[in-house]
Amino acid sequence: MQSTLGYSLHQNLAELRAKSIGSLALFLGLVGYCWLILVDWPVTGQSAPPEAWIGGASLLGGAILSQALRKRNLSMASGALVAGVSLAVACALPSLRSPRVAYLFVLPIVLGGLLASQRAVLIQAGLCGLFVVVANTRLLGLSLSATDVWLPVLVIATVAIVSWLSAHNLYTALEWVWNGYEEARRHEKAARDGQAQLRRALKALDEATHRLERTNYMLTVARDQAEEGRRLKQKFAQTISHELRTPLNLIIGFTELMARSPQYYGAALAPAHLRDLSIIHRNACHLQALINDVLDLARIEAAQMGLMPEKVDTRLLVQEAADTARSLVESRGLELRVECEAELPPLYVDPTRIRQVLFNLLSNAARYTERGSVTIRVCRDMDQVLFSVSDTGVGISADDLHRIFDEFQQVESTHRQHAGAGLGLAICRQFVEMHGGRIWAESEMGRGTTFFFTLPLREVETPAATLQRLRPASTLRSGGREGPVLLAVSRSPAAASLLSRHVRGVHTVTAPDLTQAALLASELLPQAIIIDSASESMAPSDLQ
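At position 427 of the sequence shown the residue is numbered 512 (our numbering), and the sequence of numbers has no breaks.
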């Protein structure tokens with residue numbers, strides 16, 4: 086970059102020097118021409134010495150030659166002009182025979198400082214000084230110690246030094262100015278490039294913003310469509326459950342009555358008929374369980390299934406779930422083992438949902454195990470309780486482990502004898518995550534599977550905290566309510582969800598006991614209170 090800057094500066098100085106040579110050559114050529122006219126003039130030209138002719142001719146010839154060479158070779162043009170002036174002054178000294186003519190040598194010195202290099206100025210000054218000394222002593226016969234000999238030399242030297250310093254300072258200042266100019270140009274170019282990049286970036290940002298807005302719009306549309314699909318799925322599940330439960334309940338009830346109380350029909354049923362009735366009853370119960378699973382999943386996804394947490398004994402909770410599934414496990418010829426750590430801390434969970442999780446895992450283990458045992462292990466793991474259900478069944482492949490908790494996903498197995506809907510593990514995952522826990526599985530083909538899930542340890546909530554948690558969302562937000570409030574006192578989540586689903590036009594709030602119901606009643610002032618007598622035993626005085 087520095088060489089480029091120097092080249093540009095020298096090129097511009099050369100252009101200025103060429104213009105100066107043209108003007109000076111014209112002026113000095115005119116002076117030389119006038120000189121020759123004066124020499125050739127009849128009054129003055131008859132006694133003119135030859136040096137006068139040579140001086141005028143050299144001045145005119147140098148001007149003409151420099152004018153001719155200034156576009157071809159600038160250095161030669163400058164040298165020709167300076168040499169012509171120097172030769173003219175040198176010829177004027179013997180022609181006029183006056184030592185004062187030597188002072189005219191400052192003219193070529195000044196011209197050299199303007200047109201030639203700084204080194205050439207010093208060389209020219211030395212030659213001119215030497216010529217002055219020789220001419221004054223040899224031609225004019227002056228003594229070396231004479232003032233007219235050394236004073237012109239001193240003036241020539243002074244002018245040469247001043248000219249050299251001036252030219253040096255001028256070139257240095259010009260170089261500084263030029264460098265500053267080029268630096269400013271670079272900054273301007275960088276600023277222009279930066280501005281162009283900024284414009285491109287702004288344009289790209291505008292395009293990205295437009296695409297983002299379009300993507301957000303499409304996302305909103307897709308979310309609305311997904312929400313509409315979820316709503317339709319929930320409505321379909323509720324409709325199917327309502328339409329199918331009634332005939333299924335009739336089928337289950339009548340088949341059970343026919344199998345257990347045949348005396349109502351006047352005669353005992355044949356064994357073949359009893360076997361057929363048991364098959365019908367078993368498949369109807371299976372279909373009813375499938376419908377309940379579909380409805381539970383729909384309610385979980387719609388965030389309509391609430392939890393009824395309470396403080397429970399962990400060991401007792403596990404034992405109840407094991408007792409419920411024991412007949413199923415032992416009917417398969419398997420051994421059910423329960424291994425609980427001593428002094429397990431209590432849990433603050435919904436016992437119905439956790440029992441359902443354990444029962445689903447136990448029934449799933451019994452379904453895929455032909456011989457061996459099913460083991461439940463419970464232990465404390467830091468700030469949580471770790472549950473595990475292990476079996477000695479066929480196991481699950483690594484490719485299937487990542488999808489077994491998805492809805493309607495079943496493990497393909499040639500040993501499977503009982504088909505399922507693929508909803509049990511999905512429901513387990515939903516219930517565990519609703520409690521703030523985590524569920525996963527580990528398995529080895531041919532050696533069995535172990536399902537793990539964790540539940541966090543939490544402090545027992547106070548009635549005030551429970552009141553705050555059970556209060557309707559609109560009441561918490563605005564301090565008031567919209568429409569009438571129905572207060573239900575029940576420990577059964579199914580009963581509470583049944584009321585929420587089928588009682589329209591009211592806000593249904595559920596309390597697990599009478600103490601919390603009293604707090605809610607004083608806070609919400611409900612229009613009606615429903616008490617589940619099956620889950621809440623009370624005296625008449627309690628209602629007051």
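Glycine included, every Cβ here is placed at the ideal spot set by N, Cα and C.
Since residue i contacts residue j with CB under 8 Å, what's their CB separation in whole angstroms?
| i | j | result |
| --- | --- | --- |
| Val434 | Val397 | 6 Å |
| Leu609 | Leu572 | 7 Å |
| Val403 | Leu362 | Contact doesn't hold; Cβ gap of about 35 Å is too wide. |
| Leu200 | Val167 | 6 Å |
| Gly169 | Ser143 | 5 Å |
| Leu178 | Ala220 | 5 Å |
| Ala410 | Leu471 | At roughly 19 Å, the Cβ-Cβ gap does not stay under 8 Å, so Ala410 and Leu471 are not in contact. |
| Glu234 | Val244 | The amino acid occupying residue 234 in the given sequence is Val; Glu does not appear at that position. Incorrect: roughly 17 Å between the Cβ atoms, too far for contact. |
| Ala137 | Cys176 | 7 Å |
| Pro662 | Leu150 | Residue 662 cannot be examined here, being either before or after the span of the chain that is shown, 86 to 629. |
| Gly480 | Glu424 | Gly480 to Glu424, Cβ: 21 Å. No contact. |
| Thr454 | Leu432 | The Cβ separation is near 27 Å, so there is no contact. |
| Ala187 | Pro135 | The Cβ separation is near 20 Å, so there is no contact. |
| Arg330 | Ile376 | 7 Å |
| Gln310 | Ile337 | Not really, about 38 Å apart at Cβ, beyond 8 Å. |
| Arg465 | Pro430 | 6 Å |
| Ile489 | Ala526 | 6 Å |
| Gln699 | Pro569 | Residue 699 is absent from the structure shown; the chain starts at 86 and stops at 629. |
| Ala242 | Gly214 | 6 Å |
| Met303 | Pro597 | Not confirmed; about 45 Å, so no contact. |
What residue from the options has the CA that sits closest to residue i's CA?
| i | options | result |
| --- | --- | --- |
| Ser458 | Arg438, Thr437 and Leu413 | Leu413 |
| Gln209 | Leu225, Val191 and Leu224 | Val191 |
| Ile439 | Val479, Glu420, Leu510 and Ala369 | Leu510 |
| Leu401 | Glu428, Ser171 and Asn377 | Glu428 |
| Leu250 | Thr437, Gly198, Ser448 and Glu298 | Gly198 |
| Glu395 | Ala187, Ala286, His520 and Val234 | His520 |
| Thr600 | Thr593, Leu113, Ile246 and Ile616 | Ile616 |
| Asp491 | Ala99, Gln469, Val470 and Ile524 | Ile524 |
| Ile194 | Val206, Arg185 and Tyr188 | Val206 |
| Gly114 | Gln152, Leu98, Asn97 and His358 | Gln152 |
| Asp468 | Pro541, Arg157, Ala137 and Ala307 | Pro541 |
| Val574 | Phe537, Ser618, Thr534 and Leu239 | Ser618 |
| Ala602 | His592, Val591 and Ile614 | Ile614 |
| Leu212 | Ser171, Tyr453 and Arg345 | Ser171 |
| Leu154 | Pro134, Ala369, Tyr188 and Ala110 | Ala110 |
| Gly533 | Asn377, Ala293 and Arg452 | Arg452 |
| Ala406 | Ala357, Leu359 and Thr460 | Thr460 |
| Glu518 | Phe537, Leu283 and Gly141 | Phe537 |
| Asn158 | Ile106, Leu224 and Arg182 | Ile106 |
| His358 | Gln319, Arg296, Arg285 and Thr340 | Thr340 |
| Ala344 | Arg330, Arg360, Asn334 and Leu486 | Arg360 |
| Ala333 | His366, Val238 and Leu225 | It should be pointed out that residue 333 corresponds to Leu in this sequence rather than to Ala. That would be His366, whose Cα lies nearest to the Cα of Leu333. |
| Gly531 | Asp476, Asn301, Gln310 and Val570 | Asp476 |
| Phe112 | Glu292, Leu98, Leu145 and Asn97 | Leu145 |
| Leu225 | Asn254, Ala252 and Ser180 | Ser180 |
| Leu486 | Trp263, Gln515 and Thr535 | Thr535 |
| Gly117 | Leu239, Asn97, Ile139 and Leu98 | Ile139 |
| Ile512 | Thr539, Gly478, Asn301 and Asn445 | Asn445 |
| Leu196 | Ser108, Met393 and His592 | Ser108 |
| Gly478 | Leu335, Leu419 and Asn368 | Leu419 |
| Arg204 | Thr222, Ser248 and Thr294 | Ser248 |
| Cys370 | Leu335, Pro347, Gln348 and Ser346 | Leu335 |
| Arg576 | Asp408, Ala289, Pro436 and Ser473 | Pro436 |
DSSP beta-bridge partners for residue i?
| i | result |
| --- | --- |
| Cys213 | In the DSSP output, where bridge partners are listed per residue, Cys213 has none listed. |
| Thr340 | Answer is none; Thr340 lacks a bridge partner. |
| Ile616 | Val574 |
| Leu365 | The identity of residue 365 in the sequence shown is Ile, whereas the question assumes Leu. Paired residues: none, contrary to the question. |
| Gln469 | Asp466 and Pro541 |
| Glu636 | Outside the displayed span of the chain (86 to 629) sits residue 636, for which this structure offers no information. |
| Asp476 | Val459 |
| His592 | Val570 |
| Ile524 | Phe538 |
| Cys425 | Val463 |
| Leu432 | Val397 |
| Glu529 | Gly533 |
Any C-beta of chain C sitting closer than 8 Å to the C-beta of residue i?
| i | result |
| --- | --- |
| Arg462 | Given the protein chain composition of this structure (a single chain), no chain C is represented. |
Examine the Cβ distances between the segment 111-122 and the segment 276-289 and report whether three or more of them are shorter than 8 Å.
no
Complete runs of the alpha helix (DSSP H) confined to the segment 150-234 [at least 4 residues]:
159-181, 191-200 and 203-219
With three or more C-beta pairs closer than 8 Å as the rule, is the segment 348-364 touching the segment 313-328?
no
Would you call the segment 158-165 in contact with the segment 102-113, where contact means no fewer than 3 C-beta pairs closer than 8 Å?
yes
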